[in-house]
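J.: Quick note on numbering: the first sequence equals residues 2 to 203 in this note's numbering.
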Amino acid sequence: MRLPREFYDRDALSVARELLGKVLVHEIDGQKLAMRIVETEAYVGKEDKAAHFHGGRRTSRLEVIYGAPGFSYVFLVYGMHHCFNVVTSGKDDPQAVLVRAGQPVLGLEAMAQRRYTKTFGELTGKQIIGLTNGPGKLCQALDIDRSLNGADLCGEGLYLEEGEGVDFRIITTKRVGIDYAEEAKDFPLRFYSEGNAYVSVK
DNA sequence: AGTAGGATAAACT
DNA sequence: GTTTATCCTACTT
């Protein structure tokens, strides 16, 4: 079951929490790369100094976030890593959820190849975890880059599906990598699946 | 287990 | 010219 537009048409905090356990799918040439989401972060409104759109900043790359919910926002950080976000909330209300980590479900060979240029069987235990345990890593594993910025997640190619009802507890804590964000750096806006090996930072 | 530094380019000032 | 929602490697304890 693909998640409907309404799922995304809410505040980022709710969407971030409920995205845990959902499955992110990227179809390439008929091949499915899929990952169960285990860690997310909410970036919520103009008061949030950690967000690109803080203070109501509205530049060309941010237009998608000011648009309709259920679209992707993909950007490049540190000149080499992509970050995948889901746009939430209504038009002109900038909110988004960063997908920070997941566990591979489908297309493991392709992921191993993209991340390490090795077959899955050649990977060490650490490398298997390293496939998708971070925002930049998961984008490399799932072949997500800026060409997918603005993609409709209710369309074809890149979308999210309902997961398999696995039970887990949600840990709520501070976000990662936003030390510049003054008081916002301590906001409890990161969520992850308790005990999951693929979580980027415990 | 922790700390340090470098890679590397788009976006923004 | 500065900053950056990261990752990897190497070195120290």
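No residue lacks a Cβ here, since even glycine has one placed at the ideal position from N, Cα and C.
In this structure, does DSSP put Cys-84 in helix, strand or coil?
T.: Residue numbering aside, residue 84 sits at position 83 when the first sequence is read from its first letter. Cys-84: strand per DSSP, three-state reduction.
J.: The alpha helix (DSSP H) spanning Arg-1 covers which residue range?
T.: It is not possible to answer for residue 1, since the shown part of the chain is limited to 2 through 203.
J.: Note down the Cα distance separating Pro-5 from Glu-184, rounded to an integer number of angstroms.
T.: Along the first sequence, read from residue 1 onward, the residue named residue 5 stands at position 4. Along the first sequence, read from residue 1 onward, the residue named residue 184 stands at position 183. C-alpha separation (whole angstroms): 34 angstroms.
J.: Go to Val-177, then tell me how far its alpha helix (DSSP H) extends in each direction, as first and last residue.
T.: Sequence index remark: in the first sequence, residue 177 carries index 176 (1-based). Per DSSP, Val-177 belongs to no alpha helix (DSSP H) and is neither H nor E.
J.: How long is the line joining the alpha carbons of Thr-118 and Arg-62, rounded to whole angstroms?
T.: As a first step, residue 118 must be located in the first sequence, where it is residue number 117. As a first step, residue 62 must be located in the first sequence, where it is residue number 61. Looking at the two C-alpha atoms, the distance is approximately 32 angstroms.
J.: Looking at Leu-21: is its Cβ nearer than 8 angstroms to the Cβ of Leu-143?
T.: Taking the first residue of the first sequence as 1, we reach residue 21 at position 20. Taking the first residue of the first sequence as 1, we reach residue 143 at position 142. No, the Cβ-Cβ distance between Leu-21 and Leu-143 is not below 8 angstroms.
J.: For the beta strand (DSSP E) that Tyr-74 lies in, which residues bound it at each end?
T.: By one-based count along the first sequence, residue 74 stands at place 73. First-last of the beta strand (DSSP E) with Tyr-74: 73-78.
J.: With 16 other CB atoms within 10 Å as the buried threshold, where does Ile-29 fall?
T.: The residue given as residue 29 occupies position 28 in the first sequence. Exposed: under 16 other Cβ atoms inside 10 Å.
J.: Sort out for me which residues DSSP pairs Phe-192 with in a bridge.
T.: Position 191 of the first sequence holds residue 192. Note: Phe-192 sits in a beta bridge opposite Thr-41, Thr-173.
J.: Is Lys-127 helix, strand or coil by DSSP?
T.: As a working mapping, residue 127 is identified with position 126 in the first sequence. Reduced to three states, the DSSP call for Lys-127 is helix.
J.: Thinking C-alpha only, which one of Arg-3, Ser-148, Tyr-44, Gly-31 is nearest Ser-15?
T.: Against the first sequence, residue 15 aligns to sequence position 14. With distances taken between Cα atoms, Ser-15 lies closest to Tyr-44.
J.: On the three-pair Cβ rule with 8 angstroms, is the stretch 147-156 touching the stretch 67-87?
T.: The stretch 147-156, when compared against the stretch 67-87, does touch it at the 8 angstroms Cβ threshold.
J.: Measuring CB to CB, does Arg-101 end up less than 8 angstroms from Glu-19?
T.: If you number the first sequence from 1, residue 101 lands on position 100. If you number the first sequence from 1, residue 19 lands on position 18. In this structure, Glu-19 does not lie closer than 8 angstroms to Arg-101 by Cβ.
J.: Would you tell me roughly how many angstroms separate the C-alpha atoms of Gln-128 and Asp-94, rounded to the nearest one?
T.: In the first sequence, counting from the first residue as 1, residue 128 sits at position 127. In the first sequence, counting from the first residue as 1, residue 94 sits at position 93. Straight-line Cα distance between these residues: approximately 39 angstroms.
J.: Closest to Asn-134 by CA distance: which of Gly-46, Ser-201, Val-98 is it?
T.: Taking the first sequence and counting its residues from 1, the one referred to as residue 134 is at position 133. Of the candidates Gly-46, Ser-201, Val-98, the one whose C-alpha sits nearest the C-alpha of Asn-134 is Ser-201.
J.: Just reading off the alpha helix (DSSP H) that Tyr-181 is part of, what are its end residues?
T.: The count along the first sequence starts at 1 and reaches residue 181 at position 180. Run containing Tyr-181: none; DSSP gives neither H nor E here.
J.: Compare the beta carbon distance of Arg-3 and Leu-77 with 8 angstroms and say whether it is the shorter of the two.
T.: Counted from its first residue, the first sequence places residue 3 at position 2. Counted from its first residue, the first sequence places residue 77 at position 76. No, they are not a contact pair.
J.: Can you pull the DSSP bridge partners for Glu-162?
T.: Taking the first residue of the first sequence as position 1, residue 162 is located at position 161. In the DSSP output, where bridge partners are listed per residue, Glu-162 has Arg-3, Val-24.
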